[in-house]
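Going by this note's numbering, the letters in the sequence shown line up with residues 17 to 274, in that order.
C-beta atoms are modelled at their ideal positions from N, C-alpha and C, and glycine is treated no differently.
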Amino acid sequence: MALESTHWHPPAAYLYILQLNGHALAWEYLRRNHEYHADWKQRHGTGAGDAISRWGLELFEDPSRDARAVRPIWQNNNSHLVKLQAEDEDPEKPISDQERFSFWSIPGIKQLMHNGRHVLLTSLVGREVLHLALGQGIRDGLPFSYVLPAGPHLRTSWRAIKAHRALMTGPVPVPITSTRPDRLALVHMRALQALDGRAVGASQREIARHVFGIDHVIANWHTDGELRAQMRHLIRRGQALMAGGYRSLISTSSSTGR
Numbered sequence: 017m018a019l020e021s022t023h024w025h026p027p028a029a030y031l032y033i034l035q036l037n038g039h040a041l042a043w044e045y046l047r048r049n050h051e052y053h054a055d056w057k058q059r060h061g062t063g064a065g066d067a068i069s070r071w072g073l074e075l076f077e078d079p080s081r082d083a084r085a086v087r088p089i090w091q092n093n094n095s096h097l098v099k100l101q102a103e104d105e106d107p108e109k110p111i112s113d114q115e116r117f118s119f120w121s122i123p124g125i126k127q128l129m130h131n132g133r134h135v136l137l138t139s140l141v142g143r144e145v146l147h148l149a150l151g152q153g154i155r156d157g158l159p160f161s162y163v164l165p166a167g168p169h170l171r172t173s174w175r176a177i178k179a180h181r182a183l184m185t186g187p188v189p190v191p192i193t194s195t196r197p198d199r200l201a202l203v204h205m206r207a208l209q210a211l212d213g214r215a216v217g218a219s220q221r222e223i224a225r226h227v228f229g230i231d232h233v234i235a236n237w238h239t240d241g242e243l244r245a246q247m248r249h250l251i252r253r254g255q256a257l258m259a260g261g262y263r264s265l266i267s268t269s270s271s272t273g274r
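Here it is in structure tokens:
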């Protein structure tokens, strides 16, 4: 992710981080990883499949696009993927509109892609993200059914289906922007800003000036002071999440935003 030397200065540029769920936060850390950038540039070359598996993604995403524009699909997270399969039309059984697949009735900002196994449809609905795997034969206007795979994630898969039905039949949720962020959300915001500062060679003190404010740094920056220790902790935390720790965020609840 190419950054201008002053791109990371205003904290307001990072306010959207406060509203992200775990999946989106994971992407924010991964897209700052320089090794991921290298694999992204070589994504059409030999070994691309192994490269994408390295990062835990189903498909490569452009690291220049932040979590407001990208909704990555993570591997080994299929319990959150709602799978649809086509059903044969029964002329003797009336089929309601809700039992028929309708692409344009799916709310939100939609994106279609293929991962080599399924056609994947993602849709951003408020703060929620729908991940649908469309089976062969799924067509607009034709009946369909949900696939509920057996196994240890049965309940999670069922909850994902229920969430899909609620979004399809209920009012479209409005993104929440006025809720007071918790401490952990603020830590993520500051850690990502600190990572961007380090990426362009800024010193810890300079990063602290923009993260915490000039006056606070003038009054509290000391060689062995608490503020300097806090700055080092933010950078180490961000670097650890960027280097692979982001995977721990993928399994967190989307409703908490962490």
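Beta-bridge partners of residue i, as assigned by DSSP
{"i": "His130", "result": "Val135"}
{"i": "His10", "result": "Because residue 10 is not part of the residues shown, which for the chain are 17 to 274, the question remains open."}
{"i": "Ile111", "result": "Note: Ile111 sits in no beta bridge, so no partner."}
{"i": "Leu73", "result": "Trp90"}
{"i": "Ile68", "result": "For Ile68, which the question treats as bridged, DSSP gives no partner whatsoever."}
{"i": "Ile125", "result": "Leu140"}
Residue i versus residue j: straight-line alpha-carbon distance, rounded
{"i": "Lys109", "j": "Ile122", "result": "24 Å"}
{"i": "Ser118", "j": "Asp156", "result": "5 Å"}
{"i": "Ala102", "j": "Ala149", "result": "12 Å"}
{"i": "Arg70", "j": "His39", "result": "17 Å"}
{"i": "Gln35", "j": "His60", "result": "33 Å"}
{"i": "Asn131", "j": "Arg263", "result": "20 Å"}
{"i": "Leu97", "j": "Ser173", "result": "7 Å"}
{"i": "Asp240", "j": "Glu77", "result": "41 Å"}
{"i": "Ile192", "j": "Asn37", "result": "Residue placement at Ile192 cannot be trusted, given a pLDDT of 49 that sits under 50; the coordinates are not used to answer."}
{"i": "Gly254", "j": "His204", "result": "8 Å"}
{"i": "Arg248", "j": "Gln220", "result": "7 Å"}
{"i": "Glu44", "j": "Glu105", "result": "44 Å"}
{"i": "Met184", "j": "Leu164", "result": "18 Å"}
{"i": "Leu257", "j": "Ala54", "result": "18 Å"}
{"i": "Val233", "j": "Arg47", "result": "29 Å"}
{"i": "Arg252", "j": "Ala207", "result": "9 Å"}
{"i": "Lys126", "j": "Asn49", "result": "27 Å"}
{"i": "Leu265", "j": "Trp90", "result": "11 Å"}
{"i": "Pro159", "j": "Gln209", "result": "48 Å"}
{"i": "Ala201", "j": "Ile33", "result": "7 Å"}
{"i": "Trp56", "j": "Ala235", "result": "43 Å"}
{"i": "Gly167", "j": "Arg225", "result": "51 Å"}
Boundaries of the alpha helix (DSSP H) in which residue i is found, first to last residue
{"i": "Gln209", "result": "Arg199 to Ala215"}
{"i": "Gly254", "result": "Glu242 to Ala256"}
{"i": "Phe117", "result": "Unbroken run through Phe117: none, as it is neither H nor E."}
{"i": "Glu222", "result": "Gln220 to Phe228"}
{"i": "Ala259", "result": "Segment: none, Ala259 is in no alpha helix (DSSP H) and carries neither H nor E."}
{"i": "Ser80", "result": "Careful: Ser80 lies outside any alpha helix (DSSP H) and carries neither H nor E."}
{"i": "Ile154", "result": "No alpha helix (DSSP H) holds Ile154; DSSP gives it neither H nor E."}
Boundaries (first-last residue) of the beta strand (DSSP E) holding residue i
{"i": "Val163", "result": "Phe160 to Val163"}
{"i": "Val98", "result": "Val98 to Ala102"}
Given residue i as reference, the closest of the options once Cα atoms are compared
{"i": "His147", "options": "Pro159, Gly124, Gly167 and Phe160", "result": "Gly124"}
{"i": "Ala176", "options": "Val145, Asn236, Asp198 and Gln152", "result": "Val145"}
{"i": "His23", "options": "Leu100, Gln91, Gly217 and Pro159", "result": "Gly217"}
{"i": "Ile111", "options": "Ser80, Ser161 and Gly151", "result": "Ser161"}
{"i": "Glu74", "options": "Arg81, Ser80 and Arg87", "result": "Arg87"}
{"i": "Pro27", "options": "Ala83, Leu243, Asp212 and Thr138", "result": "Asp212"}
{"i": "Ala179", "options": "Ser139, Gly65, Ala215 and His238", "result": "Ser139"}
{"i": "Glu222", "options": "Arg171, Arg244 and Leu202", "result": "Arg244"}
{"i": "Leu250", "options": "Asn49, Phe228 and Leu136", "result": "Phe228"}
{"i": "Val135", "options": "Ser80, Gly151 and Pro168", "result": "Gly151"}
{"i": "Gly260", "options": "Asp198, Gln58 and Gly72", "result": "Gly72"}
{"i": "Ala182", "options": "Ile230, Ala210, Gln114 and Arg225", "result": "Gln114"}
heavy atom of the ligand SAH below 7 Å from residue i C-beta
{"i": "Arg81", "result": "No copy of the ligand SAH occurs in the structure displayed, which carries no ligand at all."}
Original post:
Which full runs of the alpha helix (DSSP H) of 4+ residues lie inside the segment 21-64, going along the chain?
Top reply: 38-46 and 50-57
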